Amino acid sequence: KNKQVKLSDFFR
Amino acid sequence: MFRAVISEAKEFKKVIDAASNLLDEICFEVNEEGIKARAMDPSHVALVSIDIPKEAFEEYEADVHDIGVDLEAFKKIMNRAKAKDKLILELDEEKNKLNVIFKGAATRKFALALYDVSSSNLQVPDIEYPNEILIKAGPFVDALKDADLVNDHVTLKVEDGKFIVYAKGDLNESETIFEEDSESIISMNIGENAKSTFNLEYLRDMTKAASSSDILKIYLGTDMPVKIEYDVAGANLTFLLAPRIES
Numbered sequence: 007k008n009k010q011v012k013l014s015d016f017f018r
Numbered sequence: 004m005f006r007a008v009i010s011e012a013k014e015f016k017k018v019i020d021a022a023s024n025l026l027d028e029i030c031f032e033v034n035e036e037g038i039k040a041r042a043m044d045p046s047h048v049a050l051v052s053i054d055i056p057k058e059a060f061e062e063y064e065a066d067v068h069d070i071g072v073d074l075e076a077f078k079k080i081m082n083r084a085k086a087k088d089k090l091i092l093e094l095d096e097e098k099n100k101l102n103v104i105f106k107g108a109a110t111r112k113f114a115l116a117l118y119d120v121s122s123s124n125l126q127v128p129d130i131e132y133p134n135e136i137l138i139k140a141g142p143f144v145d146a147l148k149d150a151d152l153v154n155d156h157v158t159l160k161v162e163d164g165k166f167i168v169y170a171k172g173d174l175n176e177s178e179t180i181f182e183e184d185s186e187s188i189i190s191m192n193i194g195e196n197a198k199s200t201f202n203l204e205y206l207r208d209m210t211k212a213a214s215s216s217d218i219l220k221i222y223l224g225t226d227m228p229v230k231i232e233y234d235v236a237g238a239n240l241t242f243l244l245a246p247r248i249e250s
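These protein sequence lines are chains F and U, in that order. According to the numbering used here, the stretch in the first sequence is residues 7 to 18, in order. According to the numbering used here, the stretch in the second sequence is residues 4 to 250, in order.
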């Protein structure tokens with residue numbers, strides 16, 4: 007099952 | 004002071020439509036160079052970036068202002084534009100309104116309330132992508148429509164030099180394959196195989212302002228946000244969408 011992640015997860 | 008004249012109101016409407024699909028409100032940062040806006044959608048899944056250089060306007064004069072507007076209201080006003088209308092945008096600092104003026108068979112004026120939408124200082128992050136695909140918007144949007152028949156999310160893949168739009172539902176599957184020499188593809192700069200899955204409705208919203216012959220630049224990696232860029236009416240639109248990831 008895939009889950010929507012947020013953009014902020016990539017810009018830390 | 005801010006005053007801008009756009010020769011085709013209908014074209015500018017597309018820019019507002021693109022933003023209003025994803026955002027409730029926006030802050031246009033205007034200065035003597037042009038207009039820019041950056042914002043994330045309320046769920047922080049998508050980022051919208053709009054750049055309109057002053058050259059895109061018939062007339063343009065501005066010093067530094069933040070112009071915050073409600074996009075639903077702006078969109079409704081822009082929906083009233085007629086085919087041959089010119090559009091004039093001007094800031095009324097005294098009344099704290101953005102005047103939206105259509106000049107055609109008659110001159111029609113709207114005064115749009117300004118909101119205190121703080122400018123976000125967001126930047127489009129400088130991500131390095133292994134793959135860059137230039138594709139006509141029409142065939143790509145068609146591939147998304149196909150995917151929409153089988154699921155609410157879609158996988159964008161680069162596989163052995165092909166760009167693939169793939170969806171799998173509980174029962175059914177759809178797949179569109181773009182080969183490098185296909186007439187839909189302008190160019191493919193492929194570094195490695197890649198695969199990311201995205202919410203379909205966001206992708207549909209992000210590509211809605213593009214006409215079918217417009218060219219989309221799609222940047223794709225594995226389990227990375229997809230970046231989609233295109234130009235409408237001299238404005239550069241850039242969208243970033245976070246993926247869905249196996250958990």
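Built from N, CA and C at the ideal position, the CB exists for glycine as well. Note that the coordinates shown come from a computational prediction; the quantities given were computed from them, not determined experimentally.
- Chain order gives no chain F residues near residue 40 of chain U, where near means a beta carbon separation below 9 Å; the closest approach is about 16 Å.
- An exposed status is given to residue 4 of chain U, since fewer than 16 other beta-carbon atoms sit within 10 Å of its beta-carbon.
- A residue is called buried when at least 16 other Cβ atoms come within 10 angstroms of its Cβ; residue 23 of chain U meets this threshold and is buried.
- In the structure shown, residue 154 of chain U adopts coil according to DSSP, grouped into three states.
- Counting only the Cα atoms, residue 17 of chain U lies some 8 Å from residue 236 of chain U.
- At a beta-carbon threshold of 9 Å, the residues of chain F lying near residue 249 of chain U are 7, 8, 9, ordered along the chain.
- Residues of chain F whose Cβ lies closer than 8 Å to the Cβ of residue 200 of chain U are, in chain order, 8.
- Proximity to residue 15 of chain U across U:42, U:188, U:90 peaks at U:90, based on C-alpha coordinates.
- Scanning U:197, U:88, U:113, U:123 for the CA closest to the CA of residue 45 of chain U turns up U:123.
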